[in-house]
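Colleague: One structure follows; several queries about it will come next.
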Amino acid sequence: MKVLPTLLAASVCMSCATYAADSAIVEITDTQNYVLDQENQRLADTYARMLRYYDQRNFSSVRAVRVLMGNYPHHVEPILYAAFERYPNHYRHIIKAAIDAEPAFTREIISMALSLKVADPADIVRIAVEAEPSYADTIVATVDEMDPTQFANVVRVAVLTEPQTADGILRSNRDAEIGKLESILHTVLSSAPTLGSYLVDTISDLIGFSKTEVAPQNKNKRAIQLIRSAYNSGGLDKSEVQVLAAKHELSDEEIKLILGN
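Position 230 of the sequence shown, counting from 1, maps to 232 under the numbering used here, and the rest follow consecutively.
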């Protein structure tokens, strides 16, 4: 295959210690139940042959995936299909290697890992967020699209893995239905209550956000719901509640509703 010398020249070395850690991980993929279309199956077969070629030359799974993703990022699906099938016990490092090579394809990489069920969604999210924290909102949203029942848990995992991702996750869901937004806010702050002070401005922006004109009473209702969710999760103290309430012109009675008085 003519492309192989070019790929070899582009490869990146990996330490023996990292490869040993990679090899110690055991997990089984679901490739048998995942169906590729005809073109992607043809490509997957090609990449499987290339992975065998790399094995013969002592490439680690990480190095092989980085080379393939770096040269053919638009072939995420067949590359990862072939990689997960060949190295089912290296899923952690395959996901990380793929994201490191092409972070712009994080959504597609996560979609493949979830579709092939290489691990629990929370574990996949943890690996991906560690690899590229700036894409945490995309990672979490991808899980939500594919398996909404896992959403609250993966939000918790993302925030515990990299606390600074909380702001992006909240803002990316600002136009969600208010009940869902309350739930996300509660999950974030109950997972990491110390983030409350850091997120005061974010909460204020979420309260004030609206894609359409909203009546004053509905604005107040939104403010009460979001501030109460943050307060009940342990993320805001009474003084921070007072600050947000004043900023959004809530009455004393509305503040009492928030504080449960």
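A virtual CB, placed ideally from N, CA and C, is assigned to each residue, including glycine.
Output the boundary residues of the alpha helix (DSSP H) element that contains residue 259.
Modeller: Counting along the chain, the alpha helix (DSSP H) containing residue 259 begins and ends at 254-261.
Colleague: Would you mind giving the Cβ-Cβ distance between residue 117 and residue 143, rounded to the nearest angstrom? I have them listed as a contact below 8 Å.
Modeller: That belief does not hold up - the Cβ atoms of residue 117 and residue 143 are roughly 16 Å apart, past 8 Å.
Colleague: Could you tell me if residue 152 is buried or exposed, where buried requires 16 or more neighbouring beta carbons within 10 angstroms of its beta carbon?
Modeller: So residue 152 ends up on the buried side.
Colleague: For residue 59, is the classification buried or exposed, using 16 other Cβ atoms within 10 angstroms of its Cβ as the cut-off for buried?
Modeller: Exposed: under 16 other Cβ atoms inside 10 Å.
Colleague: Taking contact to mean 3 or more Cβ pairs, one atom from each stretch, closer than 8 Å, check whether the region 191-200 and the region 233-250 are in contact.
Modeller: Contact between the region 191-200 and the region 233-250 is present, because at least three Cβ pairs lie under 8 Å.
Colleague: Buried or exposed: where does residue 170 fall if 16 or more other Cβ atoms within 10 Å of its Cβ makes it buried?
Modeller: Counting Cβ neighbours within 10 Å, residue 170 comes out buried, since at least 16 surround it.
Colleague: Per DSSP, what kind of secondary structure is residue 49 in: helix, strand or coil?
Modeller: Residue 49 falls in the helix class under three-state DSSP.
Colleague: Hey, which unbroken runs of the alpha helix (DSSP H) at 4 residues or more fall wholly within the region 158-245?
Modeller: The qualifying runs are 168-174, 180-193, 202-210, 218-234.
Colleague: Taking buried to mean at least 16 other C-beta atoms within 10 Å of its own C-beta, is residue 99 buried or exposed?
Modeller: Result: buried.
Colleague: What's the gap between the Cα of residue 248 and the Cα of residue 180?
Modeller: Rounded to the nearest angstrom, the two C-alpha atoms are 21 Å apart.
Colleague: Would you tell me roughly how many angstroms separate the C-alpha atoms of residue 238 and residue 113, rounded to the nearest one?
Modeller: Cα to Cα, residue 238 sits roughly 35 Å from residue 113.
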